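Chemist: Once you've had a glance at the structure underneath, I'll fire off some questions.
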Amino acid sequence: MKETKIMLGHGSGGKMMHDLIEGLFLKHFSNPILREQTDAAILSTESAEIAFTTDSFVIDPIFFPGGNIGKLAVCGTVNDLAVSGAVPLYLSVSMIIEEGFPLEDLEKIVISLAEEAKKAEVLIVTGDTKVVNKGKCDKLFINTAGIGRISKVDNQIAKARNILPGDLVLINGTIGDHGMAIMNVRESFHFRSTVESDCASLNGLIREVVEQYPVKFMRDPTRGGVATVLNELATKTGFGIELDETTLPVLKGVKAMCELLGFDPLQVANEGKVLLVVAESDAKRVLETMKMNELGANSTIIGRVVSEHPGRVVLKNETGGRRIIDSLTGDQLPRIC
Amino acid sequence: MRFVDEYRNKELIMAVAEKLKTVSKREIVLMEVCGGHTMAIQRFGLHALLPPTVKLISGPGCPVCVSSQHFIDKAMALSRLEDVIITTYGDLIRVPGSTTSLEKERANGSDIRIIYSVLEALEIAKNNPGKRIVFLGIGFETTAPATAAAIVQAKKAHLTNFFVLSAHKVMPPVMKALVEEGVTLHGFLAPGHVSAITGTSIYNDLASVYGLGVVVAGFEPADMMQAVLMLVEQIEAGTPMVEVQYQRVVQLEGNKMAQQVLQEVFELRDDQWRGLGNIPLSGLKIKNAYASFDAEWEFEVMVPESSEPKGCICGLILRGLKTPLDCPLFGKKCTPVDPVGACMVSGEGTCATYYKYRV
Amino acid sequence: MCLAIPAKVISVEGVSAVVSIEDVEYTASLLLLPDVEPGDFIMLHAGFAIEKVDPEEAALTMQLLLDMEKHRPEFN
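Protein chains in written order, with this note's numbering: chain V, 129 to 465; chain C, 10 to 368; chain D, 10 to 85.
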């Protein structure tokens, strides 16, 4: 391909688009199903239960410390499947590209997408490309839809049915990394920090836990952070959740940026974290299993389910006082995933 | 974080709380007048640590909350002008004006940018010669010097497209006004960073004329507890005076450079405080020498009659006469998601902090 | 609007200084506080250094607090 920028012709369905698909997408996403290039991919799976999800990625900026929109497009959808208890198998990738977008950047993103899909052991089996006039979309938007296989047992996890007071809330590492990494590269704030996005595909880690232990609930705390997920859980179960500020895992750099900008790390987005609820008796061994995985090295218990303050999440802070943790209201960090 | 974490030590805070219990005999009312203090009290649950004899109330310390409806409406009107870029600190974005908010105007296409430092507004002005950049100047004596410094820089750089709409205010007149209005008070927790700029002599009258204790307090929980203790000790001994708890930052004479720059650019004027009405010589107006940077000179915008939201008791809360819990709208019609009054929108507002930290 | 936060001066270039809070760096304006040196701690507010933090005074305040802790009546 001679062009260095995406032109409207690349989205028109003709030869230019054909060349783009062959020369860029197929080159990096290649697999037998995709090579068929039929309108719909015909997929086979062993069980009759399918998990299906979709997510669109409009993150700004598209390149950020720790990743780019391509990597995120895979992690986001893979994680949605994995935290529902499914084994992610297939992805579709739909791109809406702004006219004039540099091909060199598109290739970097496609390569990241392909690499992350390989890491997550999912196949990209179908896709779409559209190009819109300059100014009609901001550089690049990606939608991924994902299909996974799920067993009857595991598909109860998302429903949070068996949670009881005394159960513990675990997380696989530090909170707020992604949101603060994005804040850093926003041009207006001028802060410089080494904080990187934590975006990662967690299906491997989650599978290792789910196969060995009864997990009562899982969710990935993306936009709105841990606070929003735990509030939803508290409302769903009718129990309270108690957190301890002194055991919350927060990177120093994230803590500093949150102090500076007046944010609560509990409300900041994560893209490589999973919250789990397990019975107290299982917690120790679950943690050990998580820690053996690279993405769970800093796993820790952050709270417990209690019968007090039903429906509310309460944090015991470092000075001994208590305060309510609410879901994020409004827009703390615009367009972060 | 150094100079922060050690003042959040639970044992130290409890030690001060316990000493307070032994020292405090009389029933007293203390007021803090700084949004940062309001937040710290709620965030660290300090009310629970005070003895029953000490009542700590929040006054008009939130600069966003006390900015008049008229100022907000004027900012909205300016934002609708084609060639105007509005630059502002974060919290003003969602403050409700009479009919709209900056956030809503931004959704309608107005160019409104959140900045961390007023110097970014200068950069934006330099990079956008065809536009007029208006900076919304809110804040007390901690923040006003930064605006003043930016105006001086703008003059040096011969900028012709940078303007400030000033709603800056100063603390002492409102503190005196509250006392003269008859609010029951025995002492003030004075704002640590305002005092770092102004020095402590601005509070002398409060002690010598009105017999109130004044202790300049830092913002960490140990700082605030220690400041309350110092106030209680003063009041018990019957010796109200101006003292500094926040010794590591506040010098008696303040920051001379910042004071100079303030005086160079600003002069005092009577000003409207939301909920408190007109307070003489409490606002900062840009001096004539720098009038070319004054948005009030540059722009003539018609602003419809400003109206206070119905049922909102922000004014009473700002005066410390009521708490958010007394407001029928609090937590029901007025929440952080859907604020009615400014006290709920600003992160430092009394209502917002009560809502965030209620247990 | 944000509170002031203590930050360490890493380097000074004319009317600006690179300061750091943990591992977050920022180029702060020294227009309001011209006399700073690397190693000093300053209070950073809205992009400006507004005052220095005096480590000796900090130590004195800390000592008062520690003394109070030492003399706590024994609570059960």
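Quick reminder that beta carbons are idealized off the backbone N, C-alpha and C, glycines included. Here the structure is a predicted model, which means the values were calculated and not measured.
Is M10(D) close to chain C, meaning its C-beta is less than 8 angstroms from at least one C-beta of that chain?
Modeler: A caution first: M10(D) carries a pLDDT of 45, below 50, which makes its placement in the model unreliable, though a value can still be read off. M10(D) counts as touching chain C.
Chemist: For N445(V), return the contacting residues in chain C, with the cut-off set at a CB-CB distance below 8 angstroms.
Modeler: R52, F53, G54
Chemist: Buried or exposed for K337(V), please, with buried defined as at least 16 other CB atoms from any protein chain shown within 10 angstroms of its CB.
Modeler: Just to set this straight, residue 337(V) is Val in the shown sequence, not Lys. With 16 or more other CB atoms across the displayed protein chains lying within 10 angstroms of its CB, V337(V) is buried.
Chemist: Answer with buried or exposed for H80(D), where buried requires no fewer than 16 other C-beta atoms within 10 angstroms of its C-beta.
Modeler: exposed
Chemist: Does DSSP put C43(C) in a helix, in a strand, or in coil?
Modeler: DSSP, reduced to helix, strand and coil, places C43(C) outside both helices and strands of the structure shown, so it counts as coil.
Chemist: Give the secondary structure of H54(D) by DSSP, where H, G and I count as helix, E and B as strand, and everything else as coil.
Modeler: strand
Chemist: Cα separation between E78(D) and P249(C)?
Modeler: 26 angstroms
Chemist: Taking the continuous alpha helix (DSSP H) assigned at F197(C), which residues delimit it?
Modeler: Unbroken run through F197(C) is the beta strand (DSSP E), 196-200; no alpha helix (DSSP H).
Chemist: Would DSSP call I464(V) helix, strand or coil?
Modeler: Confidence at I464(V) is low in this model, with a pLDDT of 43, below 50, so its placement is unreliable and the value that follows should be read with caution. In the structure shown, the three-state DSSP call for I464(V) is coil.
Chemist: Which runs of the beta strand (DSSP E) spanning at least 3 residues fall entirely within the stretch 61-132 of chain C, listed in chain order?
Modeler: Here the runs fully enclosed are 63-67, 93-97, 120-123.
Chemist: Use the C-beta contact count for P154(C): other C-beta atoms within 10 angstroms, 16 or more gives buried, fewer gives exposed.
Modeler: Under this definition P154(C) is a buried residue.
Chemist: Leaving aside the five residues before and after K364(V) along the sequence, list all residues of the same chain whose C-beta is less than 6 angstroms from its C-beta, in chain order.
Modeler: A288
Chemist: The alpha helix (DSSP H) that contains T205(V), what's its start and end?
Modeler: 197-211
Chemist: Based on Cα-Cα distance, which residue from T302(V), T428(V), A397(V) lies nearest to T350(V)?
Modeler: A397(V)
Chemist: How is R283(C) classed by DSSP in three states: helix, strand or coil?
Modeler: coil
Chemist: What are the uninterrupted segments assigned as beta strand (DSSP E) that are 3 or more residues long and contained completely in the stretch 28-80 of chain D, given in chain order?
Modeler: 33-38, 50-54, 57-62
Chemist: Mind reading off the beta-carbon distance from A205(C) to N264(C)? Whole number of angstroms is fine, and I expect it under 8 angstroms.
Modeler: 6 angstroms
Chemist: According to DSSP, is Y218(V) part of a helix, a strand, or is it coil?
Modeler: DSSP places Y218(V) in strand when its eight states are reduced to three.
Chemist: Could you name the residues of chain D that A130(C) contacts, counting a contact when the two beta carbons are closer than 8 angstroms?
Modeler: Ordered by position in chain D, no residue passes the 8 angstroms Cβ test against A130(C), which lies about 11 angstroms from the chain.
Chemist: What residues in the stretch 143-164 of chain V bring their beta carbon closer than 7 angstroms to a beta carbon of chain A?
Modeler: In the structure shown, chain A cannot be found, because the protein chains are V, C and D.
Chemist: Give every residue of the same chain whose Cβ lies closer than 7 angstroms to the Cβ of K267(V), excluding the five residues on either side of it in the sequence, and list them in chain order.
Modeler: The beta carbon of K267(V) is closer than 7 angstroms to those of I190, E226, F229 in its chain, skipping five residues each way along the sequence.
Chemist: Take the Cβ of M308(V) as the centre, count every other Cβ of all protein chains shown within 10 Å, and call the residue buried at 16 or more, exposed below.
Modeler: With 16 or more Cβ atoms within 10 Å of its Cβ, M308(V) is classed as buried.
Chemist: Is it the case that the Cβ atoms of F345(V) and V405(V) are separated by a distance below 8 angstroms?
Modeler: yes
Chemist: Go to E20(C), then tell me how far its alpha helix (DSSP H) extends in each direction, as first and last residue.
Modeler: 19-32
Chemist: So, is the C-beta of I464(V) closer than 8 angstroms to a C-beta in chain D?
Modeler: Low confidence applies to I464(V): its pLDDT is 43, below 50, so where it sits in the model is not reliable enough to give any reading.
Chemist: I want to know whether the stretch 35-44 of chain D touches the stretch 57-65 of chain D - three or more CB-CB distances under 8 angstroms.
Modeler: yes
Chemist: Is it right to say P181(C) is buried, meaning 16 or more other beta carbons lie within 10 angstroms of its own, or is it exposed?
Modeler: With 16 or more other Cβ atoms within 10 Å, it is buried.
Chemist: Compute the Euclidean distance between the alpha carbons of D147(V) and A169(V), then round it to the nearest angstrom.
Modeler: Approximately 21 angstroms between the Cα atoms of the pair.
Chemist: Need the endpoints of the alpha helix (DSSP H) that R163(V) sits in, please.
Modeler: 160-164
Chemist: If you count every other CB in all the chains shown that lies within 10 Å of the CB of D347(C), and 16 or more means buried, which is it?
Modeler: exposed
Chemist: Of the residues P69(C), L59(C), G44(C), which one's Cα is nearest the Cα of V192(C)?
Modeler: P69(C)
Chemist: Kindly indicate the opening and closing residues of the beta strand (DSSP E) around E370(V).
Modeler: 368-372
Chemist: Using a Cβ-Cβ distance under 8 angstroms, would G48(D) count as near chain C?
Modeler: For G48(D), no Cβ of chain C is located within less than 8 angstroms of the residue's own Cβ.
Chemist: So is K143(V) buried or exposed if we call it buried at 16+ other beta carbons inside 10 Å?
Modeler: By the neighbour-count criterion, in which 16 or more other beta carbons inside 10 Å mark a residue as buried, K143(V) falls on the exposed side.
Chemist: Would you call A425(V) buried or exposed, if buried means 16 or more other Cβ atoms sit within 10 Å of its Cβ?
Modeler: exposed
Chemist: Using a Cβ-Cβ distance under 8 angstroms, would F317(V) count as near chain C?
Modeler: Judged by the 8 angstroms Cβ criterion, F317(V) is in contact with chain C.
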